[in-house]
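Q: Supplied in structure tokens, the structure appears directly below.
Numbering (this note's numbering), first residue to last: 795 to 1007.
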């Protein structure tokens, strides 16, 4: 077993384990070739959602439901997850995952383009916004997150390491360019206190503290 596999096996021994609904959601996602967050990213999402714990979360990009299950496991037991997905097949798989875990009544699953759906969500109503959809749209997600988050809320974004190529990706890599612009804008925004964590494919976590102007 290589060092990365050893480290991953160790983390799975000391962090919250995958339950059967999580394992099933991951397996279905892999079979359908739907990207999912890494196990360690999921465990971190659960921890972040449980800090207060969160009562209202927006997830941009449902995928096969794997990350949503982690968020639901951490957030308040009466909390609600609003999750947005553009692909109807992906949405169907995610809804199956929520149902298997007994969470259907806590999930508002919305089919549509993220930037269109986000416009309809209420201002300052969410404890956490999680971004894991089109990387070119991350800067636009940030603009919505500023509006949607309550003071003290969390902005979380996956894939900000981009396989280790975020700093050196070629100029024609539009996904990397979107991620770089997003990370730099968050880092320079005085309303956010941000850290990039080397978890999974890189996880940006930022606390929203809007300043009076």
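Positions of the beta carbon are idealized from the N, C-alpha and C atoms, including for glycine.
Taking the Cβ atom as the reference point for each residue, do residue 952 and residue 926 lie within a distance shorter than 8 Å?
A: Along the chain shown, one-based indexing puts residue 952 at 158. Along the chain shown, one-based indexing puts residue 926 at 132. Yes, Cβ-Cβ distance for residue 952 and residue 926 is below 8 Å.
Q: Give a single yes or no on whether residue 840 has its beta carbon closer than 7 Å to a heavy atom of the ligand FAD.
A: No copy of the ligand FAD appears in this structure; indeed no ligand is present at all.
Q: Hey, residue 905 and residue 859 are a contact pair by Cβ (cut 8 Å); roughly how many whole angstroms apart?
A: Residue numbering aside, residue 905 sits at position 111 when the chain shown is read from its first letter. Residue numbering aside, residue 859 sits at position 65 when the chain shown is read from its first letter. No, residue 905 and residue 859 are not in contact; Cβ-Cβ is about 14 Å, not under 8 Å.
Q: Among 854, 804, 834, whose alpha-carbon lies nearest the alpha-carbon of residue 935?
A: By one-based count along the chain shown, residue 935 stands at place 141. The shortest C-alpha separation from residue 935 is found at 854.
Q: Nearest-angstrom Cα distance between residue 983 and residue 821?
A: Start at 1 with the first residue of the chain shown, and residue 983 comes out as number 189. Start at 1 with the first residue of the chain shown, and residue 821 comes out as number 27. In a straight line, the C-alpha of residue 983 is about 38 Å away from that of residue 821.
Q: Taking the alpha carbon of residue 921 as the point to measure from, which residue in 832, 995, 814, 839 has its own alpha carbon closest?
A: The sequence position of residue 921 within the chain shown is 127, counting from 1. Among 832, 995, 814, 839, the Cα nearest to that of residue 921 belongs to 839.
Q: Quick one: complete beta strand (DSSP E) runs, 3+ long, within the segment 806-876?
A: Counting whole runs of 3 or more residues, the segment 806-876 contains the beta strand (DSSP E) stretches 850-854.
Q: Per the contact definition of three or more C-beta pairs closer than 8 Å, is the segment 867-877 in contact with the segment 837-852?
A: Touching, yes, given that three or more Cβ pairs across the two stretches are closer than 8 Å.
Q: DSSP has residue 903 in a bridge; who is on the other side?
A: Residue 903 sits at position 109 when you count from the first residue of the chain shown. Bridge partners of residue 903: 877.
Q: Tell me which residue opens and which closes the beta strand (DSSP E) that residue 969 is part of.
A: In the chain shown, counting from the first residue as 1, residue 969 sits at position 175. Where residue 969 is concerned, there is no enclosing beta strand (DSSP E), although the alpha helix (DSSP H) it sits in stretches over 968-982.
Q: Run through DSSP, which three-state label would residue 954 get?
A: Locating residue 954 in the chain shown gives position 160, counting from the first residue. Of the three classes helix, strand and coil, the one that applies to residue 954 here is coil, per DSSP.
Q: Measure from the alpha carbon of residue 929 to the alpha carbon of each residue in 835, 862, 995, then state which is nearest.
A: Reading the chain shown from its first residue, position 135 is the one you call residue 929. Residue 929 has its Cα closest to that of 995, out of 835, 862, 995.
Q: Going by beta carbon distance, what residues of the same chain come within less than 7 Å of residue 970, once the five residues before and after it are set aside?
A: Stepping through the chain shown from its first residue, residue 970 is reached at position 176. For residue 970, where only same-chain residues beyond five positions count, the Cβ hits under 7 Å are 956, 959, 960, 963.
Q: Taking all protein chains shown into account, do 16 or more other C-beta atoms lie within 10 angstroms of the C-beta of residue 862, making it buried, or fewer, making it exposed?
A: Taking the first residue of the chain shown as position 1, residue 862 is located at position 68. Burial call: buried.
Q: For residue 1012, does the three-state DSSP call read helix, strand or coil?
A: With the chain covering only 795 through 1007, there is no way to say anything about residue 1012.
Q: For residue 911, which residues in the same chain have their Cβ closer than 6 Å to its Cβ, ignoring the five residues on either side in sequence?
A: Taking the first residue of the chain shown as position 1, residue 911 is located at position 117. Correct list, in chain order: 878, 904.
Q: Just to confirm the assignment, what range does the beta strand (DSSP E) spanning residue 987 have?
A: Walking along the chain shown from the start, residue 987 turns up at place 193. First-last of the beta strand (DSSP E) with residue 987: 986-991.
Q: Tell me the rounded alpha-carbon separation between residue 907 and residue 807.
A: Walking along the chain shown from the start, residue 907 turns up at place 113. Walking along the chain shown from the start, residue 807 turns up at place 13. Those two C-alpha atoms are separated by around 38 Å.
Q: Considering only DSSP beta bridges, list what residue 920 is partnered with.
A: The residue you call residue 920 lines up with position 126 of the chain shown. Answer is 943, bridged to residue 920.
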